[in-house]
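Visitor:
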Amino acid sequence: MDGNGRWAKQKGLLRVVGHENGTKSVREVVEASAELGIKNLTLYAFSTENWNRPKIEVQKLMKLLVKSLKKEIKTLQDNNIKLSAIGNLNDLPKNAHSELLEVIDKTKENNAMTLTLALSYGSREELINVVKELSNKVKNNIISSDSIDESIINKHLYTQNLPDVDLLIRTSGEQRISNFLLWQIAYAELYFTPILWPDFRKADLYDALIAYQNRERRFGKTSEQLS
Ligand code: IPE
Ligand code: MG
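Quick note: our numbering has the sequence shown finishing at residue 1586, numbered continuously throughout.
1. Using only the heavy atoms of the ligand IPE, determine whether one of them is closer than 7 Å to the beta carbon of M1360.
2. What I want to know is whether the C-beta of G1381 ends up closer than 7 Å to one or more non-hydrogen atoms of the ligand MG.
3. Going by DSSP in three states, M1421 sits in which element: helix, strand or coil?
4. Between which two residues does the alpha helix (DSSP H) holding K1491 run?
5. If you measure from the CB of G1364, is any heavy atom of the ligand MG nearer than 7 Å?
6. Based on DSSP bridge pairs, tell me the residues matched to F1551.
7. For the alpha helix (DSSP H) holding S1406, just list the boundary residues, first then last.
8. Pull up the distance between the alpha-carbon of N1508 and that of G1579, whole angstroms please.
9. Helix, strand or coil: which one does DSSP assign to T1473?
10. Helix, strand or coil, according to DSSP, for A1545 in the structure here?
11. What number of angstroms, rounded off, separates the C-alpha of T1331 from the C-alpha of G1362?
12. Quick check on the DSSP output: what are the complete alpha helix (DSSP H) runs of length 4 or more inside the region 1437-1467, in order along the chain?
13. Taking three-plus beta-carbon pairs below 8 Å as touching, is the region 1485-1500 in contact with the region 1448-1456?
14. What is the DSSP secondary structure of L1585, counted as helix, strand or coil?
15. At what residues does the alpha helix (DSSP H) containing L1516 begin and finish?
16. By the three-class DSSP mapping on this structure, what secondary structure does S1506 have?
17. Roughly how many angstroms separate the alpha carbons of S1479 and E1431, rounded to a whole number?
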């Protein structure tokens, strides 16, 4: 979800107003995804690197998180959506952390869609943790190093309960990954749109999905092998 700051700047507004308006796009995309029967939606809300932003902006983003969690619990319940989170959640301010855990708990029986928020998330940090955990397990003879394969790595990622990414959408015209789910997007289809996140609406999600439907996912095979 990129482009909140530029959206605000274009309008002569403060960056935080861009973030506020970005929450509308979140609601639209969450609702549209649930309506379409998408099982998993993961939103990159705040990266490990975002902590380096001006303190006032970080504070505002955390406040917005708390406010949105309080406000959108109804959207989650109405649409049978389970909330989940990945990242270094202990880094979040106490009230944001506890609000998050509360909504996760309240929605844990929902099963139409899993909405995962990546918060204080960094893919490299996630992978470093996997290496640490696995090396500890090898050291303590819980597993052998020979047994390490893709499935063991998957089971140690934050995303252990999620499938690989099918489609990754980045808004605002930037064409990079920025430390997001690096392992999990190995075979994802990438979709870049110039639309700034606060302008992103249901119809824009449909456009991305239509583009996705027209991709041929070969997973290394030839086109002929697929048909
Ligand atoms: C995305 O918008 C929101 C977060 C990363 C929290 P930006 O704040 O990155 O917006 P730009 O890139 O400055 O336009
Ligand atoms: Mg940005």
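From the three backbone atoms N, C-alpha and C, an ideal C-beta is built for every residue, glycine too.
Guide: Taking the structure as given:
1. Residue mapping note: residue 1360 aligns to position 1 of the sequence shown, counting from 1. True, at least one ligand heavy atom lies under 7 Å from that Cβ.
2. In the sequence shown, residue 1381 corresponds to position 22, counting from 1. No; taking the cut-off as 7 Å, the Cβ of G1381 has no heavy atom of the ligand MG nearer than that.
3. Taking the sequence shown and counting its residues from 1, the one referred to as residue 1421 is at position 62. If DSSP states are grouped into helix, strand and coil, M1421 belongs with the helices.
4. Here residue 1491 is taken as the residue at index 132 of the sequence shown, counted from 1. Unbroken alpha helix (DSSP H) run through K1491: S1482 to K1498.
5. Taking the sequence shown and counting its residues from 1, the one referred to as residue 1364 is at position 5. Checking every heavy atom of the ligand MG against the Cβ of G1364, one is found closer than 7 Å.
6. For the purposes of this step, residue 1551 is taken as the residue at position 192 of the sequence shown. R1529, per the DSSP bridge assignment.
7. Within the sequence shown, the letter at position 47 stands for residue 1406. Looking at the DSSP string, S1406 is not in any alpha helix (DSSP H); the run it does join, the beta strand (DSSP E), is N1399 to S1406.
8. Position 149 of the sequence shown, counted from the start, is the residue given in the question as residue 1508. Position 220 of the sequence shown, counted from the start, is the residue given in the question as residue 1579. A small fix is needed here, since residue 1508 is Asp in this sequence, not Asn. Each residue's alpha carbon lies about 19 Å from the other.
9. The residue you call residue 1473 lines up with position 114 of the sequence shown. It is a strand residue.
10. Residue 1545 sits at position 186 when you count from the first residue of the sequence shown. DSSP places A1545 in coil when its eight states are reduced to three.
11. Residue 1331 is absent from the model: the chain starts at 1360 and stops at 1586.
12. 1453-1465
13. no
14. In the sequence shown, residue 1585 corresponds to position 226, counting from 1. If DSSP states are grouped into helix, strand and coil, L1585 belongs with the helices.
15. Position 157 of the sequence shown, counted from the first residue, corresponds to residue 1516. Per DSSP, L1516 belongs to no alpha helix (DSSP H) and is neither H nor E.
16. The sequence position of residue 1506 within the sequence shown is 147, counting from 1. Looking at S1506 - three-state DSSP - the assignment turns out to be helix.
17. The residue labelled residue 1479 in the question sits at position 120 within the sequence shown. The residue labelled residue 1431 in the question sits at position 72 within the sequence shown. Spanning the two alpha carbons is a distance of roughly 20 Å.
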